[in-house]
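Since the structure comes first, as structure tokens, the remarks are kept for the end.
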Amino acid sequence: MSELSYAEAIRDGFREAMRQDQSVLLIGLGIPDPKGFFGTTSGLREEFGGDRVMDMPCSENGMTGVVLGASLNGIRPVLNHQRLDFALLAMDQMCTQAANWSYMFGGQVHAPVVFRMILGRGWGQGPQHSQALHSWFAHVPGLKVVLPSCPQDAKGLMISAIEDPNPIVYIDHRWLHHVRGPVPSGHYRTEIGPLRVALLGKDVTIVAISYMVLEALEAAERLAAQGIEAEVLDLRCLRPLDREGLLRSVRKTGRLVAVDQAWACAGMSAEILACVVEDPQTCLKNPPRRVTLPDCPTPTSPALAAEFYPRADHIVEAVLEMFGRSREPGELALQPGIEYDKPNPAFTGPF
Amino acid sequence: MSELSYAEAIRDGFREAMRQDQSVLLIGLGIPDPKGFFGTTSGLREEFGGDRVMDMPCSENGMTGVVLGASLNGIRPVLNHQRLDFALLAMDQMCTQAANWSYMFGGQVHAPVVFRMILGRGWGQGPQHSQALHSWFAHVPGLKVVLPSCPQDAKGLMISAIEDPNPIVYIDHRWLHHVRGPVPSGHYRTEIGPLRVALLGKDVTIVAISYMVLEALEAAERLAAQGIEAEVLDLRCLRPLDREGLLRSVRKTGRLVAVDQAWACAGMSAEILACVVEDPQTCLKNPPRRVTLPDCPTPTSPALAAEFYPRADHIVEAVLEMFGRSREPGELALQPGIEYDKPNPAFTGPF
Amino acid sequence: MLRIRLVEEAIADAYPRQEMRCPVHLSIGQEAVAAGTAAALARADLAMSGHRSHAHYLAKGGDLRAMIAELMGRQDGCCRGRGGSMHLIDRSVGFMGAVPIVGSTIPIAVGLAFAEKLRGQTRVTAAFLGEAATEEGVFHESANFASLHRLPVLFVCENNLYSVYSPMAVRQPAHREVFEVASAHGIPACQVDGNDPEAVFNQVVAARRHVRSGQGPFFLELKTYRWREHCGPGFDNHIGYRKEAEFLDWKKRDPLENYSRKLISAGLLTEEGVHELSEKISAEIAEAMAFGRKSPFPRGLADFVYSIQP
Amino acid sequence: MLRIRLVEEAIADAYPRQEMRCPVHLSIGQEAVAAGTAAALARADLAMSGHRSHAHYLAKGGDLRAMIAELMGRQDGCCRGRGGSMHLIDRSVGFMGAVPIVGSTIPIAVGLAFAEKLRGQTRVTAAFLGEAATEEGVFHESANFASLHRLPVLFVCENNLYSVYSPMAVRQPAHREVFEVASAHGIPACQVDGNDPEAVFNQVVAARRHVRSGQGPFFLELKTYRWREHCGPGFDNHIGYRKEAEFLDWKKRDPLENYSRKLISAGLLTEEGVHELSEKISAEIAEAMAFGRKSPFPRGLADFVYSIQP
Ligand SMILES: Cc1ncc(C[n+]2csc(CCOP(=O)(O)OP(=O)(O)O)c2C)c(N)n1
Ligand SMILES: Cc1ncc(C[n+]2csc(CCOP(=O)(O)OP(=O)(O)O)c2C)c(N)n1
Ligand SMILES: [Mg+2]
Ligand SMILES: [Mg+2]
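From first to last, the protein sequence lines stand for chains G, R, B and W. Okay, so the first sequence: first residue is 120 according to the numbering used here, each after it adds one. Okay, so the second sequence: first residue is 120 according to the numbering used here, each after it adds one. Okay, so the third sequence: first residue is 422 according to the numbering used here, each after it adds one. Okay, so the fourth sequence: first residue is 422 according to the numbering used here, each after it adds one.
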């Protein structure tokens, strides 16, 4: 067990999977770049060579088909996109093709391919470099969808994703790359499916996705100071969805807040609410709540972006309202001096 | 008011909009084809000429950009796809581009463009010709999304879509094309937004989308025979969503069934449940239910497809369970002699 | 060729009985492309195709019974009933799949070839495509990548002049040929008479030699013509998107008729030989139809969504 | 050119102050493309660009103050703060927008030209793109459509040899040129020294004449070089993806320096003239910076999501 950043944990995951299996291939625009794809691929080209850690043309749809084809023929490729937005060019290959190939050929083919995408945020990424569209993939049978929120899962889920016989969408959040945490050394898998209980509590279930787990944990801390014990669930896997894990927690707490840095309408936060309320054995003490993005594209101006993203404040507010406590005045106001558009204080741009 | 088929109503909508405004352009693969795009474009080329009713190369993404660009420069194009699935090649242009252009340029540009897609079903359309992905579009701010279920709305919403200054996703269902109903003649608009109350009732709210409205109406009829008065809402517009209309009905009935011929997970059916249960003024007598597709791709074999699609039977069952009545034995069994993979009895293939 | 023709005609005949409940795209008139190409490929070579794939599947050696059963939506179909006519596969003969989204198997086929190269294998992959598929951006992305890495892939483009009802004139500029676009990606390319099986065979032999020698991809444009309607069993010249005269012109260039006449006059075949062969094939087809009809309908709606084998 | 250079340098200088909080892609070293092209266009002509669009925007006549304010995320920015550096627009001078998804404005620009043609207008649309954008399928789809309908569009492709850190060698085959791919779509195309503003100007004049005369699109490949890092204000030769020697070679071909030297030796300009011009531009830039800084931050998070004007 050592202390690694989330970015280093991803790299560790790549390294373990590549050592284990000669057929694992990393590919993507700028994968062998000197900055190492936010540090997630540094050193891998040196260790595994240019044939296994390779750049590609700027052709997202075609290259998605190429890695799908390679995966049908003995290779285990990981296709990397610097931004999820770029992968939108490849929806046909990911969703109409990769997701369906096992089913429509009656189980005769396997497509062990990983589509890795980085979710952008902040520093003026704006409307076309920070679209959080993980819910789209969660909608599609045939795919599995993971969004780790801690370094340990970042590595374990990457190894599992690469070793899984199915097409996997692996989404890492730009604001998690610098986050440090304990990571087991060597090869291990994190099972694709079960959610992670990030914090035990009995009064309210906060279900969060990706980076929002951090905000949820901060909210829980503040709620604890007010005598409310929140249980924080890290929904690290959207598909398959751990419905049982969700229900188990909500049956205990009787309260539900779904937190997703994404749009609400027909998104994963809606699914979380739906799957809980349609369960006849679960009884909620209050109407469930969603904490999500406002229903508009990402503005670029830091002034607007600061208001755009939901924070621990919003989670605290939602929970307090359930308990009939009104929020403190100014609770949602932005704190002067805090730069809400930076992934970490050391960041100075440009990307 | 005359009696028209849904396909004829769409054509009427095109015709009225094109007569009204010289700048309206119909384009799509095979738009001027001799079979008239399932009868929805027949005669239009003769009336408006080849410059306004035109074919195009098999280049969905590029052509989506082209019509977007044309819409920024004085043209009002309708881009037609014979199957929704083909539009997946153009997600970047529809969602990252068209949906964002007004917002990201601070309201200085308008993109009055209609992306029309036909939802396939039955007769072995299979996994790549019948994906019902309307929920994806409903997720994206900047788009409006309409799915008419009756001829009157098919025409009125088409005219509204063409005359709207925003990018609109208009989805018509292959199984509705032959359905006949009253259609006002001349030019009229159906407002984009409000849902349509297809049937008044007091015991349960059945919210249905597109073709499923017909199944819901049939279910309501059967429920009425059992003394249950269902209110059927036609959610003809997914975005903007008529939350008030939904809540008004559910506050009255206290029971909710969402019916969508689409996957459940993170789909529109989840949104319907979520938006009702998160409302503090709405109190449900039973857990809400979803009637959707099973979580797998569309199988091609008629034997599997018959089981794949939800029917009035499933809706009746869901409602009866809410009332504590068990369904009759064999209720969900397929009826011998009925061909579940045909849009209408006259259909003999191939497409 | 004869086998493909007879199978397609048998499908067309059977179709109105509504036991093949899926869209079918027949290759009648275009048989020489499939036959000539596949004859020049090794059995171990790989192939992928699109919506109009019956001929390619059969020529590559795909199981006829499994294909017919698939069209009938049966458990013994080559996709176990999940795919239908537009999704054929027979891995045992290297026919690695077909899908109906125009252009979408092109990069996947290039990916097969990429894997071959990465693993130091020498099998050639044939990517069958229609001329409309070259209008899809993904064709160019695939061609660029194949050219860049000199992948062992052979693009076999059937140019039958139409995409559904749309002629070339509304889709591609008049002042350039399809194969020239491929060659601009740095890929050797040429045009061949797609109705002449020997010409196709000879050109594919040469192209395959080029590809196998590690020099990278090759692109073949084969001019041919579809006789029947785009999708379905019938004829549709009467609806007006193309001229009867054009059809009749191309009918004169019937690959099957002309080639058998050539073989007969060369003394390599006899009328009786053809007749005998037809009888044999017809029996085989009848047997396949019976096989399909006897095969049970599949069960297990949600099987195969996910692979479990690691 | 001088104005573009000085603006870009001023942005680079100001960037570390963290008041321009968005990714910026500077055009230093590539100014001749923008300047030479825009000089040959009419004010009424249209243009679109991608992520690296400052130079195109300015050359086309875009408002400097609105651009700086946009980079600072202010209400008076050319997108009212919603867009940032990667989304510039100034409709009053025909600069119709830029977006950072590589290749995505190419079909949109073709669509502008399509509308011109449909409405019988004669404005020319310039589509600025990087050489990596030609790897996107959408480029080919756009080129095919423009060629098919002979649309009045001018493709201006800046080939600066890199896509972020990726050299041409890992993206495109060595044995063909970028402009040749365009010409395979039936589009007249040629290569020009993108660091020679006069050569660019002359070629664009000729190309624009061709386009305006109704003969359809034209494609120009302009070889040039980016001096600074792909994104951001700094230099990055030290990190190893390209050689310092290559950079120095290209620096010798500084379009600004060389062209002003040429004009001076021809007696068309004086050292003092350049100096004066620089001073004037610097004052304008300082004023724009002050303008941006004074402009309020925008409010109204959800404004403009939908257009209400019919
Ligand atoms: C992406 C996509 N767009 C449109 C279609 C509809 N479509 C089915 S077959 C076909 C014709 C394709 O023509 P071509 O590639 O020349 O093949 P042919 O049918 O002539 O053999 C079209 C447009 C599709 N299946 N996929
Ligand atoms: C579709 C897409 N893929 C990848 C990227 C990431 N990206 C941003 S700029 C860039 C380089 C593009 O190179 P080129 O077109 O040559 O323009 P240059 O930066 O050299 O001016 C890339 C790959 C993107 N923005 N969009
Ligand atoms: Mg064709
Ligand atoms: Mg470049």
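Each residue gets a CB set at the ideal place from its N, CA and C atoms; glycine is no exception.
In three-state terms, what does DSSP make of residue i?
| i | result |
| --- | --- |
| Ala465 of chain B | coil |
| Cys500 of chain W | coil |
| Lys321 of chain R | coil |
| Val626 of chain W | helix |
| Thr458 of chain W | helix |
| Ile287 of chain R | strand |
| Pro448 of chain R | coil |
| Ile278 of chain R | helix |
| Gln139 of chain G | helix |
| Gln451 of chain W | coil |
| Gly225 of chain R | coil |
| Leu357 of chain G | strand |
| Ser634 of chain B | helix |
| Asp670 of chain W | helix |
What span of residues does the beta strand (DSSP E) with residue i cover, start to end?
| i | result |
| --- | --- |
| Pro196 of chain R | Arg195 to His200 |
| Asn180 of chain G | From DSSP, Asn180 of chain G is part of no beta strand (DSSP E) but of the alpha helix (DSSP H) over Glu179 to Ser190. |
In the DSSP assignment, find the alpha helix (DSSP H) that holds residue i and state where it starts and stops.
| i | result |
| --- | --- |
| Lys683 of chain B | Pro676 to Ser686 |
| Phe600 of chain W | Val599 to Ala605 |
| Glu363 of chain G | Arg362 to Thr372 |
| Tyr478 of chain W | His475 to Ala480 |
| Asp353 of chain R | Not the alpha helix (DSSP H): Asp353 of chain R falls in the beta strand (DSSP E), residues Ala349 to Asp353. |
Please indicate yes or no: does the CB of residue i lie closer than 8 Å to some heavy atom of ligand 1?
| i | result |
| --- | --- |
| Glu650 of chain B | no |
| Gln612 of chain B | no |
| Phe718 of chain B | no |
Quick one: does the C-beta of residue i sit closer than 8 Å to a heavy atom of ligand 2?
| i | result |
| --- | --- |
| Cys356 of chain R | no |
| Ser525 of chain W | yes |
Return yes when at least one heavy atom of ligand 3 lies under 8 Å from the C-beta of residue i, else no.
| i | result |
| --- | --- |
| Asn658 of chain B | no |
| Asn820 of chain B | With chain B represented from 422 up to 731, any question about residue 820 of chain B goes unanswered, as that position is not in the structure. |
| Ala553 of chain B | yes |
Just to check, is the beta-carbon of residue i closer than 8 Å to a non-hydrogen atom of ligand 4?
| i | result |
| --- | --- |
| Tyr586 of chain W | no |
| Leu643 of chain W | no |
| Gly518 of chain W | no |
contact_flag[the stretch 409-425 of chain G, the stretch 494-503 of chain W] where n(CB pairs < 8 Å) is 3 or more: Enough Cβ pairs lie closer than 8 Å, so yes.
Positions along the stretch 383-411 of chain R whose CB lies within less than 7 Å of some CB in chain B: Within the stretch 383-411 of chain R, no residue has a Cβ that lies closer than 7 Å to any Cβ of chain B.
contact_flag[the stretch 460-473 of chain W, the stretch 432-440 of chain W] where n(CB pairs < 8 Å) is 3 or more: Remark: fewer than three beta-carbon pairs, one from each stretch, lie closer than 8 Å, so the stretch 460-473 of chain W and the stretch 432-440 of chain W are not flagged as touching.
At least 3 beta-carbon pairs within less than 8 Å: the stretch 559-577 of chain B vs the stretch 121-134 of chain R: These segments do not touch.
Stretch pair the stretch 443-452 of chain R + the stretch 537-555 of chain B: three plus CB contacts closer than 8 Å: No, because fewer than three Cβ pairs between the stretch 443-452 of chain R and the stretch 537-555 of chain B fall closer than 8 Å, the two stretches do not touch.
Segment contact flag, the stretch 291-298 of chain G with the stretch 460-468 of chain G, C-beta cutoff 8 Å, min 3 pairs: These segments touch.
The stretch 380-392 of chain R contacting the stretch 382-398 of chain G, beta-carbon criterion three pairs below 8 Å: Output reads yes: the stretch 382-398 of chain G touches the stretch 380-392 of chain R.
Contact set between the stretch 546-559 of chain W and chain B, restricted to residues whose Cβ is under 8 Å from the partner: Taking 8 Å as the Cβ-Cβ cut-off against chain B, the residues of the stretch 546-559 of chain W that qualify are Glu556, Glu557, Gly558 and Val559.
Contact between the stretch 165-173 of chain G and the stretch 181-194 of chain G (3+ Cβ pairs under 8 Å): Too few Cβ pairs lie closer than 8 Å, so no.
The stretch 568-575 of chain B in contact with the stretch 586-594 of chain W per 3-pair CB rule at 8 Å: Flag = yes, the stretch 568-575 of chain B and the stretch 586-594 of chain W touch.
The stretch 346-364 of chain R contacting the stretch 267-274 of chain R, beta-carbon criterion three pairs below 8 Å: Contact between the stretch 346-364 of chain R and the stretch 267-274 of chain R is present, because at least three Cβ pairs lie under 8 Å.
Chain-ordered residues of the stretch 362-381 of chain G with a beta carbon less than 9 Å from chain R: Of all residues in the stretch 362-381 of chain G, those with a C-beta nearer than 9 Å to a C-beta of chain R are Ala377 and Ala381, reading in chain order.
Stretch pair the stretch 573-582 of chain W + the stretch 626-637 of chain W: three plus CB contacts closer than 8 Å: Here the stretch 573-582 of chain W makes contact with the stretch 626-637 of chain W; the two share three or more CB pairs at distances below 8 Å.
Cβ contact check for the stretch 542-550 of chain W and the stretch 608-615 of chain W: 3 or more pairs under 8 Å: Touching, no.
Interface residues of the stretch 139-153 of chain R facing chain B [CB-CB below 7 Å]: Within the stretch 139-153 of chain R, the residues whose Cβ lies closer than 7 Å to any Cβ of chain B are, in chain order, Leu148, Gly149, Asp152 and Pro153.
Segment contact, 8 Å Cβ cut-off, at least three pairs: the stretch 317-331 of chain R with the stretch 359-379 of chain R: Touching, yes.
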